[in-house]
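Chemist:
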Amino acid sequence: MATTVCLLGASGSVGESTLKVLRTFPEEFRLHSFSVHSNLQKALEIQKEFSPSFLCVSSENADRSVLGNKIGKTEILYGESALTELVKDSSIEIVITAIVGSVGLRPTIAAIKSGKRLGIANKETLVTSGPLINSLIRKHNTKVVPVDSEHNALFQLLESIKPEAVDKIILTASGGSFRDTPIDQLPLITKEQALHHPTWSMGPKITIDSNGMINKGLEVIEAHFLFGFPYEKIGVVIHPQSIAHGIVELKDGASFVYASYPDMIFPIAHSLFHPEPVPQVLRSHPPKEWGKLEFKEPDSKRYPGLALAFKAGKAGGTAPSIFNAANEAAVELFLKEEIRFVDIPQYISAALDEIPITYPDTLEGYEDADRIARETVGNLKSRKVVSAC
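For the sequence shown, the working numbering assigns the number 526 to the last residue and increments by one with no breaks.
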């Protein structure tokens, strides 16, 4: 019998890649339910193809007359709270969280508490409230498999290596569209330029994050909570070819490298099939096709957001939540063309400086930090504290 899958965030890039895997293996997996935020046309297309039991539109402002309450055998749900209720369905075996942003936090927690296998692509969940999430994972004995290409690569490597042999883990990064742009030209970057990425096809927010390597900073914090390594043992290297996705350095001086063609099909298929081996999903690309592989340290002047992520991660408590929320708010301002690309990390830094760090033991404590950080960015903008720099 096919394994039932709930896909949160079906209209995004990770969601679309997940649907490709489901199409490839219809006997192994069945789409039980899925969500979109507001893309109703995409929702209709997915519903028509897969005929799931449930479809959730998370936007509170969605026009409910378009989909109604039921299409064929598919029941239509609305609102963010419906996401949380959806993942509790006992018929679901695997939940893939591909929602971008902190909105994915509560449904992810609900999936953890219900004991379902979790394929996590929503990095903000661990970034914003990692200690709480990890305690829930332990309490409910939930199996979590990361879907991000770098974390999935490290997950696969670490599964086959004795922990005592590992010295350090390294996340790779393409460096984004501006890795070779003269630093004095970075303030002139336009919205259109920042929405292009040299390797991955992603949504606007993640593309902006990746081009400033703030996304990699979020991934560093996520890796800390996923794998338990201290920040001093987590590294980042720029690797423009995006062939190597994760590196594990051993104490004896050797390294293991996970390499594959840059396609999200690989980590998604692994997260769905785990712990079973994955059948071939794409044509293999032997080393002779890789070409020259380059690795270099990221420049802190070019990517100040990465250093801020390490700072927030080491501070702990609500600092990562402040980092994430301030970034989301600043990116929103940039997409509205109200601030410059180079202002984004400045807003994050100012928010981290202004907001006291706390160490809550409840979800509400982390959500308060998230809210305060967003409000702080708005206040900084109105006071022109950053833009005047």
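Quick reminder that beta carbons are idealized off the backbone N, C-alpha and C, glycines included.
Please confirm whether Leu419 and Asp400 have their CB atoms less than 8 Å apart.
Modeler: Residue mapping note: residue 419 aligns to position 282 of the sequence shown, counting from 1. Residue mapping note: residue 400 aligns to position 263 of the sequence shown, counting from 1. Yes. Within cutoff.
Chemist: Out of curiosity, what's the CA-to-CA distance linking Leu269 and Leu263?
Modeler: Here the question's residue 269 lines up with position 132 in the sequence shown. Here the question's residue 263 lines up with position 126 in the sequence shown. The straight-line gap separating the alpha-carbon atoms of Leu269 and Leu263 is approximately 9 Å.
Chemist: Of the residues Thr279, Phe292, Lys250 and Ala248, which one's Cα is nearest the Cα of His407?
Modeler: Along the sequence shown, one-based indexing puts residue 407 at 270. The shortest Cα separation from His407 among Thr279, Phe292, Lys250 and Ala248 belongs to Phe292.
Chemist: Name, in chain order, the residues that DSSP records as bridge partners for Pro283.
Modeler: Residue 283 sits at position 146 when you count from the first residue of the sequence shown. According to DSSP, which records beta bridges pairwise, Pro283 is partnered with Ile257.
Chemist: Less than 6 Å between C-beta atoms, sequence neighbours within five positions excluded: which residues of the same chain meet that for Gly146?
Modeler: To locate residue 146, count along the sequence shown from 1; it is residue 9. Answer for Gly146: Gly152, Ala235 and Ile236, listed in chain order.
Chemist: Out of curiosity, what's the CA-to-CA distance linking Ile231 and Phe410?
Modeler: Stepping through the sequence shown from its first residue, residue 231 is reached at position 94. Stepping through the sequence shown from its first residue, residue 410 is reached at position 273. For Ile231 and Phe410, the distance between alpha carbons rounds to 10 Å.
Chemist: Quick one: any contact between the segment 500-517 and the segment 461-473, if contact means 3 or more CB pairs under 8 Å?
Modeler: yes
Chemist: List the endpoints of the continuous alpha helix (DSSP H) containing Lys353.
Modeler: Working through the sequence shown from its first residue, we reach residue 353 at position 216. Counted as a single uninterrupted DSSP element, the alpha helix (DSSP H) harbouring Lys353 occupies residues Ile351 to Phe364.
Chemist: Let's test the definition: count the other Cβ atoms within 10 Å of the Cβ of Gly313 and tell me whether it reaches 16, buried, or not, exposed.
Modeler: Indexing the sequence shown from 1 puts residue 313 at position 176. Flag for Gly313 reads buried.
Chemist: With DSSP run on the structure shown, which of helix, strand or coil describes Gly372?
Modeler: Within the sequence shown, residue 372 is the residue found at index 235, counting from 1. Residue state, collapsed to three classes: strand.
Chemist: Measuring CA to CA, which of Ala446, Leu220, Val374 and Val522 is closest to Ala487?
Modeler: Stepping through the sequence shown from its first residue, residue 487 is reached at position 350. If we check each option's Cα against that of Ala487, Val522 comes out closest.
Chemist: What residues are listed by DSSP as bridge partners for Lys299?
Modeler: Within the sequence shown, the letter at position 162 stands for residue 299. Beta bridge pairing from DSSP links Lys299 with no other residue.
Chemist: Using the Cα positions of Gly252 and Val203, report the straight-line distance between them to the nearest angstrom.
Modeler: Locating residue 252 in the sequence shown gives position 115, counting from the first residue. Locating residue 203 in the sequence shown gives position 66, counting from the first residue. Looking at the two C-alpha atoms, the distance is approximately 34 Å.
Chemist: How is the beta strand (DSSP E) around Gly515 delimited, first residue to last?
Modeler: Residue 515 sits at position 378 when you count from the first residue of the sequence shown. Gly515 -> not in any beta strand (DSSP E); alpha helix (DSSP H) instead, spanning Leu500 to Arg520.
Chemist: Given a cut-off of 8 Å on the beta-carbon distance, is the pair Leu332 and Thr318 in contact?
Modeler: Taking the first residue of the sequence shown as position 1, residue 332 is located at position 195. Taking the first residue of the sequence shown as position 1, residue 318 is located at position 181. Cβ distance not < 8 Å, so Leu332 and Thr318 don't count as in contact.
Chemist: Scan the segment 452-499 and note each continuous alpha helix (DSSP H) run of 4 residues or more that stays entirely inside, going in chain order.
Modeler: 456-472 and 480-491
Chemist: Out of Pro335, Glu504 and Val373, which has the shortest C-alpha to C-alpha gap to Ser437?
Modeler: The sequence position of residue 437 within the sequence shown is 300, counting from 1. For Ser437, the nearest C-alpha among the options comes from Val373.
Chemist: Find the nearest neighbour of Leu325 within the set Leu517, Thr495, Val479 and Ser148, judged by alpha-carbon distance.
Modeler: One-based indexing of the sequence shown puts residue 325 at position 188. Nearest C-alpha to Leu325: Val479.
Chemist: Could you give the C-beta distance for Ile233 and Thr155, rounded to a whole number, given that I count them as a contact under 8 Å?
Modeler: In the sequence shown, counting from the first residue as 1, residue 233 sits at position 96. In the sequence shown, counting from the first residue as 1, residue 155 sits at position 18. Sure, about 6 Å apart at Cβ, within 8 Å.
Chemist: According to DSSP, is Leu332 helix, strand or coil?
Modeler: Counting from one through the sequence shown, the residue named residue 332 turns up at place 195. If DSSP states are grouped into helix, strand and coil, Leu332 belongs with coil.
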